[in-house]
Amino acid sequence: GLRLRPITLSRPKPLVEVAGQAMLDGVLDRLAEAGVAEAVVNTHHLSHMIEGHLMSRKAPRIRISREAALLETGGGVKKALPLLGSRPFYAINGDVIWRDGKTPALRRLAEAWDEAAMDVLLLLQPTASAIGYEGKGDFVMDQLGRLRRRKEGEVAPFLFAGLQILRHSIFAETPDGPFSLNLLYDRALAAGRLRGLRHDGAWYHVGTPEDLARVEAALAPGGEPAF
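Residue numbers (the numbering used here): 152 to 378.
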């Protein structure tokens, strides 16, 4: 949330409102609609605000995993593993905004998950149609969902959309402190067990106050809601 300052000086990024709804609530609403009964929320910056905000939610049931020090994307999920049961699970960025196509993205991920072939399944957004995003993308994907990383100087056709399914075993032999989920993506990629699924709806990136204004304009009255 550093790039969203000064907004995030007074509230954590997942509680920033877009189109009248906190980004975190949009994610949790989608999980509830997908039939997820329990969600684990990682907290660090202004964690008391997130925990207070979540007290009024009825679904899904919330469990909190507090990070005294930042553990990055991989370390944060690893710390939460004891709360997540033993089956493959959704891991979703708390500040991601998306609009579903004909079939909800979470259902599409679950239907595409192949226990025998995958350790990681990423939802990927076409780079060219990502609203508020100005980067060079992350992955090239073939027709079978197999991925390779973007090469230096290359603009990749897909970026990670912030939604994924992960298998517990991929966290074996990982650091106990901070580390990025990219470590697991690279490990799964080397083993041929990383796959992607193209998102078929809209996707919005909010990294800076300027991005927030741009996305708010895209979701202004008269358009469809983001969540």
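From the three backbone atoms N, C-alpha and C, an ideal C-beta is built for every residue, glycine too.
Host alpha helix (DSSP H) of residue i (start-end)
i: G138; result: With the chain covering only 152 through 378, there is no way to say anything about residue 138.
i: L182; result: 174-184
i: L334; result: 333-341
Closer than 7 angstroms: residue i CB and nearest the ligand FMN heavy atom
i: A190; result: Annotation note on the ligand FMN: not contained in the displayed structure, which lists no ligands.
Start and end residues, beta strand (DSSP E) containing residue i
i: A263; result: Per DSSP, A263 belongs to no beta strand (DSSP E); it is in the alpha helix (DSSP H), 256-263.
i: L310; result: 309-317
i: I201; result: I201 -> not in any beta strand (DSSP E); alpha helix (DSSP H) instead, spanning 198-205.
i: S215; result: It should be noted that the sequence gives Ile, not Ser, for residue 215. 212-217 is the span of the beta strand (DSSP E), which, as asked, contains I215.
i: L298; result: 298-300
i: V192; result: 189-194
i: Y241; result: 240-243
i: F290; result: 290-292
Residues bridged to residue i (per DSSP)
i: G347; result: L273
i: I282; result: Y355
i: I248; result: Y355
Pick from the options that is closest to residue i, judged by C-alpha positions
i: R250; options: V178, H196, D289, H204; result: V178
i: L205; options: M174, M269, G186, K229; result: M174
i: E168; options: L363, A369, P372; result: L363
i: I248; options: L314, R318, P360; result: L314
i: G286; options: R301, L274, Q294; result: R301
i: L298; options: A210, L222, A339; result: A339
i: L133; options: R344, L335, H356, P329; result: The structure shown does not extend to residue 133, since the chain is modelled only from 152 through 378, so no value can be given for it.
i: K209; options: G225, S216, V187, H195; result: V187
i: A242; options: E184, A190, L334, Y355; result: A190
i: A183; options: A170, I201, P211, S207; result: P211
i: N333; options: D351, R162, L272; result: L272
i: V228; options: G288, S320, R162, A312; result: S320
i: D293; options: A281, A279, P308; result: P308
Simplified DSSP state of residue i, which is helix, strand or coil
i: P163; result: coil
i: E367; result: helix
i: L234; result: helix
i: P376; result: In this predicted model, P376 has a pLDDT of only 47, less than 50, meaning its place in the structure is not dependable enough to derive any value.
i: E168; result: strand
i: P329; result: coil
i: D362; result: helix
Buried or exposed by the 16-neighbour rule on C-beta atoms within 10 Å, applied to residue i
i: P376; result: Unreliable positioning characterises P376 in this predicted model, as indicated by a pLDDT of 47, which lies under 50. The coordinate reading is nonetheless provided below. Under this definition P376 is an exposed residue.
i: H199; result: exposed
i: R259; result: buried
i: T254; result: exposed
i: G283; result: buried
i: A256; result: buried
i: V192; result: buried
i: R181; result: buried
i: V306; result: exposed
i: D270; result: buried
i: L234; result: exposed
i: G304; result: exposed
i: L348; result: buried
i: D246; result: buried
i: S216; result: buried
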